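Numbering (my numbering), first residue to last: 239 to 502.
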Amino acid sequence: MVLPLADDNSDRRTIPYVNYTLIAINLFVFVFFQGLGTNERFTMAWSTVPVEIVTGQDKKTNDRVIPHPATKEPVVLPGLQPTPISVYLTLLTSMFMHGGIAHLLGNMLFLWIFGDNIEDILGHVRYIGFYLLTGLLASLTHVAVVIIASGVESQEASIPSLGASGAISGVLGGYLLMFPTKRVLVLLFRILTWVPAYVAIGIWFLFQLIEGFGLLGGSPKGVAYGAHIGGFIAGLALIMPFLLGDPKRRAERLKQRYWPDEGY
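Okay, here's the thing in structure tokens:
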């Protein structure tokens with residue numbers, strides 16, 4: 239297992255205001271709208287539900303009462319709630335919501351480490367577009383995987399998905415293509431060490447592939463690996479087109495990549 243902790247930002251030229259704002263929005267939504275994860279009705283209303291995206295129809299399900307695993311006291315699990323907006327817009331709103339503190343902190347750590355460099359090479363406005371578009375494509379990939387694997391009428395198609403993981407996977411895809419040899423500080427099998435980005439991100443993506451195909455084969459569910467894989471591929475595919483609109487910035491980035499003053 240590899241956990242990125244930091245990267246070498248010595249060549250970063252700008253302050254990543256957009257990346258800071260994205261992190262702040264995610265934190266704000268989790269604290270004030272999701273109630274630190276306790277406001278489940280909000281979460282069930284604004285998350286992406288695959289069957290809703292396919293049919294275009296909002297779906298509401300009944301609450302369930304189950305015994306608490308420790309106290310055996312009855313606990314109410316809210317069903318799908320009415321969505322106050324078009325169900326298609328949940329593809330975007332779900333990108334700023336999280337299932338728990340660990341989910342939130344893990345995603346924000348990755349965004350903090352890798353997002354600033356992508357904002358630096360794309361510029362603030364293009365970075366917003368890149369982040370949202372790769373996140374949207376990631377969500378659509380998850381919907382497609384669920385529907386193809388399980389069917390529209392399946393229970394899985396009614397399970398809501400949420401989190402910034404898809405968009406952040408897109409950031410990782412762009413980072414791998416543009417900064418393959420940038421040094422990343424990682425915790426690798428309990429050892430703190432610096433490795434090239436292609437090692438840190440490559441191990442992460444390999445894990446997504448292994449778990450993703452295991453998911454399709456019937457392994458335990460709960461993580462939208464399809465979104466991770468889809469977002470990553472979208473990031474790889476879109477980073478260069480997003481740079482095409484700024485020839486000067488693109489030339490500088492390519493020079494740093496292929497003719498750096500110092501190697502890794």
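Beta carbons are placed, not taken as given, at the ideal position from N, Cα and C, and that holds for glycine.
As the structure is a computational prediction, the values presented were derived from the model and not from experiment.
- Note that the stretch 425-433 does not touch the stretch 393-405; fewer than 3 beta-carbon pairs, one per stretch, sit closer than 8 Å.
- Around the beta carbon of residue 301, fewer than 16 other beta carbons lie within 10 angstroms, which makes this residue exposed.
- Bounds of the alpha helix (DSSP H) holding residue 384 are 362-388.
- In the DSSP assignment, no residue is bridged to residue 327.
- The C-beta distance from residue 368 to residue 476 rounds to 6 Å, short enough to meet the 8 Å contact threshold.
- Membership of residue 313 in the beta strand (DSSP E) is indicated by the continuous run 312-315.
- In this structure, DSSP gives residue 349 a helical state, which the three-state scheme calls helix.
- Positions of the alpha helix (DSSP H) runs, each at least 4 residues long and wholly inside the stretch 245-305, are given as 255-266, 278-284, 288-293 in order along the chain.
- An exposed status is given to residue 259, since fewer than 16 other beta-carbon atoms sit within 10 Å of its beta-carbon.
- Your pair residue 403 and residue 340 does not check out as a contact, with CB atoms roughly 12 Å apart and the cut at 8 Å.
- Just so you know, the alpha carbons of residue 385 and residue 397 end up roughly 11 Å apart.
- Inter-residue distance for residue 478 and residue 421 is about 21 Å (C-alpha atoms, whole angstroms).
- In the structure shown, residue 397 falls within a coil segment according to DSSP collapsed to helix, strand and coil.
- In this structure, the beta-carbon distance from residue 376 to residue 294 does not fall below 8 Å.
- Residue 417 counts as buried, since at least 16 other C-beta atoms from the protein chains shown sit within 10 angstroms of its C-beta.
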